[in-house]
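In my numbering, the protein residues as written are 1 to 334. Right, one structure below, let's go through it.
Here it is in structure tokens:
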């Protein structure tokens, strides 16, 4: 039986991207909600809640981006020129955010400036990720297997909408993470903040979902054509279930349930994206098979990945297990 390694690799890349979104999303969200917590001590507790894991969360971004370049070089060569600006801005924001995270602990007189930098870096990184996603969904102009669009094609009303949606979504993840990991006033305020964020996010998801099928006839057929419509209909139903679980958890003082429900919303929107894209790497232009590297390369890289990914999963799970439970407000970051 022949195993199509290109589809296995597409699954691995998709998993890496999803892992980055759900793991790095909440620690970016901590920076995004910084302005709602003005007290220095509160912000110290907030950053302490992600200090043990935030570096490791970005491992998945490296795996996803590096894997795309190595395994789907043609797709990489088309997507990157189309998204140079938002991707460069995202990477610069992540770097600046990391610097601000460390420097805010080393100074007291200028800590408010580094707090502002942490907020800017987190927010801009989230927006650029959303804009990149929106630009990919709306389509990339290709001629002769090369990018043929303009420098600003990525900046459209649709991509701006998806950028705002990701920003709000990460903020919700951050708020529900604080609801899970903190106590007292911070936990109470985080739960209150998560309520309006959840409503705004659901409205934005609805707007993007209604807009997307009319961007490309492939999306329309996938969501409303038979028999794919039967399977795709489960996504909004499960999304509604997660939204109800999120709202129930916030209104009944639950700590873990809102965070898991928010993660579920992200997983389901990612699944909806997969339904729209499959079997394309570049929507409507390049399929998974067409974009893949030679099979010998796929086999060689898969050997290392089979060893590497379980190791990453193991140390990630161990880090979360060791630092489980609520954050002690009296503990400092070293």
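Beta carbons are placed, not taken as given, at the ideal position from N, Cα and C, and that holds for glycine.
Going by DSSP in three states, residue 155 sits in which element: helix, strand or coil? As a working mapping, residue 155 is identified with position 155 in the chain shown. When DSSP states are grouped into helix, strand and coil, residue 155 belongs to the coil group.
Which residue's Cα is closest to the Cα of residue 16: 65, 44, 27? For the purposes of this step, residue 16 is taken as the residue at position 16 of the chain shown. The candidate whose alpha carbon is nearest that of residue 16 is 65.
Residue 286 and residue 5 - do their beta-carbons sit closer together than 8 Å? Within the chain shown, the letter at position 5 stands for residue 5. Within the chain shown, the letter at position 286 stands for residue 286. Not a contact, by the Cβ cut-off of 8 Å.
Can you tell me which of 150, 142, 137 puts its alpha carbon nearest to the alpha carbon of residue 213? Against the chain shown, residue 213 aligns to sequence position 213. Ranking the options by Cα distance to residue 213, first place goes to 137.
Sorted by chain position, which residues of the same chain lie with C-beta nearer than 6 Å to residue 122's C-beta, five sequence neighbours on each side aside? Position 122 of the chain shown holds residue 122. Around residue 122: 28, 31, 32, 97.
C-alpha distance - residue 310 paired with residue 109, whole-angstrom precision: The count along the chain shown starts at 1 and reaches residue 310 at position 310. The count along the chain shown starts at 1 and reaches residue 109 at position 109. Put simply, the backbone Cα of residue 310 is about 44 Å away from that of residue 109.
Cutoff 7 Å; reference residue 334; Cβ partners in own chain excluding five residues on either side: Looking up residue 334 in the chain shown gives position 334. The pLDDT assigned to residue 334 is 46, lower than 50, so where the model puts this residue is not dependable; a value taken from the coordinates is nonetheless given after this. Taken in chain order, the list of residues that qualify is empty.
Hey, residue 95 and residue 131: beta-carbon distance below 8 Å or not? Your numbering for residue 95 matches position 95 in the chain shown. Your numbering for residue 131 matches position 131 in the chain shown. Not a contact, by the Cβ cut-off of 8 Å.
Please report the distance separating the alpha-carbon of residue 111 from that of residue 20. In the chain shown, counting from the first residue as 1, residue 111 sits at position 111. In the chain shown, counting from the first residue as 1, residue 20 sits at position 20. For residue 111 and residue 20, the distance between alpha carbons rounds to 28 Å.
Rounded straight-line distance, which links the Cα of residue 40 to that of residue 18: Here residue 18 refers to the residue found at position 18 when the chain shown is read from its first residue. Here residue 40 refers to the residue found at position 40 when the chain shown is read from its first residue. C-alpha separation (whole angstroms): 32 Å.
Quick check on residue 221: does DSSP put it in helix, strand or coil? Translated into positions along the chain shown, residue 221 becomes position 221. Residue 221: helix per DSSP, three-state reduction.
Pick from 272, 113, 61, 127 that is closest to residue 158, judged by C-alpha positions: Working through the chain shown from its first residue, we reach residue 158 at position 158. For the residues 272, 113, 61, 127, the minimum Cα distance to residue 158 belongs to 127.
So, with DSSP's three-state summary, where would you put residue 147? Counted from its first residue, the chain shown places residue 147 at position 147. DSSP places residue 147 in strand when its eight states are reduced to three.
Enclosing beta strand (DSSP E) for residue 280 [first to last residue]: Along the chain shown, read from residue 1 onward, the residue named residue 280 stands at position 280. It spans 280-282 - the beta strand (DSSP E) in which residue 280 sits, taken as one unbroken run.
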